[in-house]
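A.B. asks:
This is the structure:
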């Protein structure tokens, strides 16, 4: 037996008590070993954002792409298994299994439920497998990342190509009706009126009534298809946008206002409406213009050239108006985003506004911004109105010339009255799409602006890392800062200056210092929210600059000075990072955080709704729930960044009482101004001007009579 076979044949111990270990993910992680990829199902579960595993083959293919594989779902049969590349994921009656190899009449499978390699006769296996499978292959080198543009929407269009095809077929039927109707009118005028044949009139009348009946039916069907397609595309595109937004580094969010980001995300609706609405309708209508023009040439060449000449005028007119309209629309969008940002800031800071009695000042600023937006919007609308009226003028002139010239041709005997009527009806199907082009062009200008604004999000590089989901062992807690220098902006002041720190696994480290000394910056670098310009930050010997940030943060818990709770119950907020945690685990974490007492005192206990951002609870209660949330994951590193600053002395005493249990078995780093919370730390690091100026135990630092001793003396006097 070869080395590879011996590895693949080795049973894998499966912990069925873990909710994450569903058959699909275990099958995928086993198959990944064939490609020298080490993957943990827990990481895939975390990225899927569910408490359980994959729900269908689409989820499985998505997970395979995340770990660096190409995946494709197929429906096949037993006869093709010999020719397909291995390994293959097979969806059987017993769940997902991995086809390792085929040996004659034997099928060699890996069963995730048992963790063993099994052999089945072909005939027996065929009765338990319906032909569903997922093919896997190594991913080719990723192409260079392109800037956001219309090409970004191609995958969604390809995915829904069958619905696009249905729209085109229905549109074709509508265009056939539009083509046949003028011919029927021509026959009624030129033949029925001349011959006075009632039988012919009845036949033509029935045909016209039939077309009149089917036209609204096909129109409704096309609108329904458009709406259904738009909803699916919107869900997918918005999901992709939100997913990318979540990968952006912290620096992106700190450089932009929240309202501005929200306004940019909303621009996706404008793009979606354009692509699946007016633009698609216009493209379908324009595609049939050539057919109508050909029929028009068969009626009257001179009149056809007149209509085509008007199309040239439309085009030249928009060449002149388009750039002006785009500039006016861009200004309108920018001011609208400023209004959204200001409104968001006002609502989130309403308590500060009221307590400082600054409502009048904010109202004045809001009115000033609204006035600027109204002026910009008015200017954009004026250009849009002028563009529409210009198009309408060209259309009316064309119609007048067409009527005068057409009647002249009829009087000269070159054209019959019926043919003139039919020609006019056909010309409307050529000019109407062009008339709608006025609105479409305005929508297009809006869409270009929206794409530029969303491009600010999608063109931004996400957090760098290893790009896959390689297996990350549970952190032991060793932390090293080696010659770290960091500044938030290239031209900004250096916050950390040649910082060197060594923290051993299991240590309780306190970090303190004056405001602005770099304490919180140090904590952000440890969370890999930023990467230092010089030096290294290492955890268990792994350089965080090349580590997968998501995998790292899943092994580390952080409690901030102002931890955010999300709308939902207290239990849901504690379970945020571990949705599958049991009630007993939630209660234990809350007890350890000193939160169980006040939670049980509430009317609904753990099912109490906390409100938006936890607004129904006090600051101290929010902090204790945030601490419970952090402890529930049993992290290898627990980082407290001013986490006890919002606690009253009673709550702080409850947390301090459990401090030894909280710190047990993990590295705990506490950043704090209140030195009393650091007294029991193994070591206390004193940071000043981005450097460690003192370190030691509480007693040792007091004996040094340096910065720490002065801070301690000041706090003791205040207390």
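In UniProt numbering, the protein residues as written are 1 to 719.
Note that beta-carbon positions come from the ideal geometry of N, C-alpha and C, so glycine has one too.
Alpha carbon to alpha carbon, what distance is there between residue 293 and residue 169?
C.D. replies: Residue 169 and residue 293: Cα-Cα distance of roughly 21 Å.
A.B. asks: Helix, strand or coil, according to DSSP, for residue 610 in the structure here?
C.D. replies: In the structure shown, residue 610 sits in coil (DSSP, three-state: anything other than H, G, I, E or B).
A.B. asks: For residue 12, collect the residues of the same chain with a Cβ closer than 6 Å to its Cβ; drop the 5 residues on either side in sequence, then sort them by chain order.
C.D. replies: Summary for residue 12: the model assigns pLDDT 34, below 50, so the residue's position carries little reliability; its value from the coordinates is reported in the next sentence. Correct list, in chain order: 115.
A.B. asks: Tell me the rounded alpha-carbon separation between residue 211 and residue 175.
C.D. replies: Distance between the alpha carbons of residue 211 and residue 175: 11 Å.
A.B. asks: Measure the C-alpha to C-alpha separation of residue 85 and residue 74 and round it to an integer number of angstroms.
C.D. replies: About 13 Å.
A.B. asks: Can you tell which of 366, 674, 675 has its C-alpha closest to the C-alpha of residue 340?
C.D. replies: The shortest C-alpha separation from residue 340 is found at 366.
A.B. asks: Thinking just about the alpha-carbon of each residue, which of 396, 490, 236, 105 is nearest to the one in residue 160?
C.D. replies: The option with the nearest alpha carbon to residue 160 is 236.
A.B. asks: Does residue 530 come out as helix, strand or coil in the three-state DSSP assignment?
C.D. replies: Of the three classes helix, strand and coil, the one that applies to residue 530 here is coil, per DSSP.
A.B. asks: Less than 8 Å between the C-beta atoms of residue 697 and residue 674, yes or no?
C.D. replies: Not a contact, by the Cβ cut-off of 8 Å.
A.B. asks: In three-state DSSP terms, what is residue 164?
C.D. replies: Correct three-state label for residue 164: helix.
A.B. asks: Would you mind stating whether residue 487 and residue 536 have Cβ atoms separated by less than 8 Å?
C.D. replies: Taking 8 Å as the Cβ cut-off, residue 487 and residue 536 do not qualify as a contacting pair.
A.B. asks: Please report how far the alpha carbon of residue 132 lies from the alpha carbon of residue 77, in whole angstroms.
C.D. replies: Those two C-alpha atoms are separated by around 8 Å.
A.B. asks: Excluding the 5 residues preceding and the 5 following residue 31 in the sequence, name in chain order all residues of the same chain whose CB lies nearer than 7 Å to its CB.
C.D. replies: Closer than 7 Å at the Cβ level, and outside the excluded window around residue 31, lie 87, 89, 98, 136.
A.B. asks: If residue 310 sits next to residue 394, beta carbons under 8 Å apart, how far is it from one beta carbon to the other, in whole angstroms?
C.D. replies: Sure, about 6 Å apart at Cβ, within 8 Å.
A.B. asks: With residue 359 as the anchor, note down where its alpha helix (DSSP H) starts and where it stops.
C.D. replies: First-last of the alpha helix (DSSP H) with residue 359: 359 to 411.
A.B. asks: Hey, is the segment 227 to 234 in contact with the segment 514 to 529, meaning 3+ C-beta pairs nearer than 8 Å?
C.D. replies: The answer is no - the segment 514 to 529 does not touch the segment 227 to 234, with fewer than three Cβ pairs under 8 Å.
A.B. asks: Give every residue of the same chain whose Cβ lies closer than 7 Å to the Cβ of residue 515, excluding the five residues on either side of it in the sequence, and list them in chain order.
C.D. replies: So no residue of the chain qualifies.
A.B. asks: Classify residue 469 as buried or exposed, calling it buried when 16 or more other Cβ atoms lie within 10 Å of its own Cβ.
C.D. replies: With a pLDDT of 45 at residue 469, under the threshold of 50, the modelled position of that residue is not reliable, and the figure given next carries that caveat. When all chains shown are included, residue 469 counts as buried.
A.B. asks: Here's the rule: buried if 16 or more other CB atoms are within 10 angstroms of the residue's CB, otherwise exposed. What is residue 611?
C.D. replies: By the neighbour-count rule (16 or more Cβ atoms within 10 Å), residue 611 is not buried but exposed.
A.B. asks: Where does residue 566 fall in DSSP's three states?
C.D. replies: In this structure, residue 566 counts as coil in the three-state DSSP scheme.
A.B. asks: Please give the ranges of any beta strand (DSSP E) in the UniProt domain "Peptidase C39" (15 to 136), keeping only runs that are unbroken, at least 3 residues long and fully inside the region.
C.D. replies: Taking only runs of at least 3 residues, the beta strand (DSSP E) segments lying wholly in the UniProt domain "Peptidase C39" (15 to 136) are 69 to 75, 88 to 92, 95 to 103, 106 to 111, 116 to 121.
A.B. asks: Only counting the same chain, and skipping five residues up and downstream in sequence, which positions put a Cβ closer than 6 Å to that of residue 616?
C.D. replies: Contacts found: 610.
A.B. asks: By the three-class DSSP mapping on this structure, what secondary structure does residue 510 have?
C.D. replies: Here residue 510 sits in strand by DSSP.
A.B. asks: Mind checking residue 575: buried by the 16 CB within 10 Å criterion, or exposed?
C.D. replies: Residue 575 should be labelled buried.
A.B. asks: Tell me the rounded alpha-carbon separation between residue 234 and residue 425.
C.D. replies: If I take the Cα positions, the gap works out to 36 Å.
A.B. asks: Buried or exposed, going by whether 16 or more other CB atoms sit within 10 Å of the CB of residue 523?
C.D. replies: Buried: at least 16 other Cβ atoms inside 10 Å.
A.B. asks: Would you say the segment 203 to 217 touches the segment 241 to 258, given that touching needs at least three Cβ pairs under 8 Å?
C.D. replies: As far as the Cβ criterion goes, the segment 203 to 217 does not touch the segment 241 to 258, which means the pair count is below three.
A.B. asks: Please determine if the segment 643 to 662 and the segment 568 to 588 are in contact, where contact requires at least 3 C-beta pairs separated by less than 8 Å.
C.D. replies: Segments in contact, no.
A.B. asks: What three-state label does DSSP hand residue 467 in the structure shown?
C.D. replies: Note that residue 467 has pLDDT 46, beneath the 50 cutoff, so the model's placement of it is unreliable and the number below is only indicative. Coil.
A.B. asks: Determine whether the beta carbon atoms of residue 204 and residue 179 lie at a separation below 8 Å.
C.D. replies: No, they are not a contact pair.
A.B. asks: Would you identify the three-state DSSP class for residue 502, choosing helix, strand or coil?
C.D. replies: Three-state DSSP puts residue 502 in a strand.
A.B. asks: Figure out for me which residue from 601, 405, 60 has the closest Cα to the Cα of residue 301.
C.D. replies: Among 601, 405, 60, the Cα nearest to that of residue 301 is on 405.
A.B. asks: What's the gap between the Cα of residue 239 and the Cα of residue 632?
C.D. replies: Taking the straight line from one Cα to the other gives about 29 Å.
A.B. asks: Decide yes or no for the touch test of the segment 486 to 503 against the segment 448 to 458: beta carbon pairs closer than 8 Å, at least 3 of them.
C.D. replies: As far as the Cβ criterion goes, the segment 486 to 503 does not touch the segment 448 to 458, which means the pair count is below three.
A.B. asks: Considering only their Cβ atoms, is the gap separating residue 387 from residue 321 smaller than 8 Å?
C.D. replies: Yes, these two residues count as a Cβ contact at 8 Å.
A.B. asks: Please confirm if the segment 374 to 387 is in contact with the segment 263 to 275, defined as three or more CB-CB distances below 8 Å between the two stretches.
C.D. replies: No contact exists between the segment 374 to 387 and the segment 263 to 275.
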